[in-house]
């Protein structure tokens with residue numbers, strides 16, 4: 450059974466058209482992460498939530514926003530996608546501060562036309 | 174300097190070969206260490222944690238040397254199904270820091 454679910458798996462949007470990616474988890478984990486992974490590169494952390502506390506990475510562009518309305522769901526909003534934002538977006542969860550293991554969702558592959 | 178650096182790859186090996194992956198990390202405060210495997214267009218999946226005492230899981234052996242800030246992964250008797258990208262990962266303050274990955278291709 451899938452524990453971290455991402456929807457949609459594939460998303461096509463137009464240059465400048467806002468898009469929202471979603472992530473849900475059945476693990477009841479406190480921490481949720483969003484990563485961006487471009488082709489042949491390592492995943493890059495965009496931001497994470499510890500419960501409701503939002504933590505933005507210093508180099509995450511303002512174009513990227515996130516919402517976590519409850520423990521189970523987290524959204525990534527890209528306000529004005531550019532061609533350079535085409536990537537795989539990975540959601541991950543972690544139980545809490547004393548655990549290291551992160552559980553990844555299958556990712557959403559974003560194409561920007 | 175990258176926080177986590179790996180062999181650039183790709184590694185192309187025949188079935189049955191032994192393959193060694195190397196990784197170094199720059200921050201001595203790194204707390205935990207892992208190898209992840211990522212298949213093409215899929216999410217990273219935890220392969221194994223890495224401990225200073227060394228640990229083995231079947232054909233896979235991982236080693237950590239904190240003094241030299243070096244992590245290794247050895248795959249013995251490689252299989253076609255081992256073909257993937259192997260990511261070296263360290264944690265700092267609850268965050269995963271990924272290396273760029275080393276691609277492995279095992280050929281018949």
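Protein chains in written order, with this note's numbering: chain A, 450 to 562; chain B, 174 to 281. Positions of the beta carbon are idealized from the N, C-alpha and C atoms, including for glycine. Please read these numbers as outputs of a predicted model, since none were measured by experiment.
Taking a contact to mean a Cβ-Cβ separation below 9 angstroms, would you say residue i touches residue j in this structure?
| i | j | result |
| --- | --- | --- |
| residue 275 of chain B | residue 258 of chain B | yes |
| residue 476 of chain A | residue 542 of chain A | yes |
| residue 522 of chain A | residue 473 of chain A | yes |
| residue 182 of chain B | residue 491 of chain A | no |
| residue 226 of chain B | residue 549 of chain A | no |
| residue 192 of chain B | residue 247 of chain B | yes |
| residue 244 of chain B | residue 196 of chain B | yes |
| residue 207 of chain B | residue 262 of chain B | yes |
| residue 539 of chain A | residue 455 of chain A | yes |
| residue 467 of chain A | residue 529 of chain A | yes |
| residue 209 of chain B | residue 218 of chain B | yes |
| residue 544 of chain A | residue 479 of chain A | yes |
Excluding the five sequence neighbours on either side, which residues of its own chain have a C-beta within less than 7 angstroms of the C-beta of residue i, listed in chain order?
| i | result |
| --- | --- |
| residue 279 of chain B | 186, 188, 251, 252, 253, 255, 256 |
| residue 204 of chain B | 264, 265 |
Between the Cα of residue i and those of the options, spot the shortest distance and give me the residue it belongs to.
| i | options | result |
| --- | --- | --- |
| residue 471 of chain A | A:463, A:479, A:458 | A:458 |
| residue 534 of chain A | A:544, A:509, A:545, A:540 | A:509 |
| residue 532 of chain A | A:512, A:481, A:499, A:489 | A:512 |
| residue 469 of chain A | A:478, A:545, A:517 | A:517 |
| residue 562 of chain A | A:527, A:462, A:484 | A:462 |
| residue 497 of chain A | A:482, A:520, A:519 | A:482 |
| residue 242 of chain B | B:277, B:200, B:220, B:175 | B:200 |
| residue 239 of chain B | B:267, B:230, B:198 | B:198 |
Starting from residue i, find everything on chain A with Cβ-Cβ shorter than 8 angstroms and list it in chain order.
| i | result |
| --- | --- |
| residue 197 of chain B | Correct list: empty, because the minimum Cβ distance to chain A is about 14 angstroms. |
Residues in the same chain with beta-carbon distance under 6 angstroms from residue i, minus the five sequence neighbours each way, listed in chain order, please.
| i | result |
| --- | --- |
| residue 537 of chain A | 486, 556, 558 |
| residue 249 of chain B | 191, 232 |
| residue 465 of chain A | 529 |
| residue 526 of chain A | 469, 514 |
| residue 230 of chain B | 221 |
Anything in chain B within Cβ reach of residue i, meaning under 7 angstroms, just list it in chain order.
| i | result |
| --- | --- |
| residue 495 of chain A | Simply none; closest approach about 11 angstroms. |
| residue 549 of chain A | 205, 264 |
| residue 446 of chain A | The shown model of chain A, from 450 to 562, leaves out residue 446 of chain A, and the question about it has no answer. |
At a CB-CB cut-off below 9 angstroms, which residues of chain A make contact with residue i?
| i | result |
| --- | --- |
| residue 260 of chain B | 491, 492 |
| residue 219 of chain B | 550, 551, 552, 553 |
| residue 277 of chain B | Those do not exist, as residue 277 of chain B stays about 14 angstroms from chain A at its closest Cβ, beyond 9 angstroms. |
Would you mind telling me which residues of chain B sit closer than 9 angstroms to residue i, beta carbon to beta carbon, in chain order?
| i | result |
| --- | --- |
| residue 555 of chain A | 215, 216 |
Cutting at 8 angstroms between CB atoms, please list the residues of its own chain near residue i, excluding the five before and the five after it.
| i | result |
| --- | --- |
| residue 174 of chain B | 199 |
Which residues, in order along the region 450–476 of chain A, keep a beta-carbon less than 7 angstroms from a beta-carbon of chain B? none
Where the region 181–209 of chain B meets chain A: residues whose CB sits under 8 angstroms from a CB there: 204, 205, 207
Any C-beta of chain B within less than 7 angstroms: which residues of the region 496–521 of chain A qualify? none
If contact means a Cβ-Cβ distance below 7 angstroms, which residues of the region 226–253 of chain B contact chain A? Here the close residues number zero.
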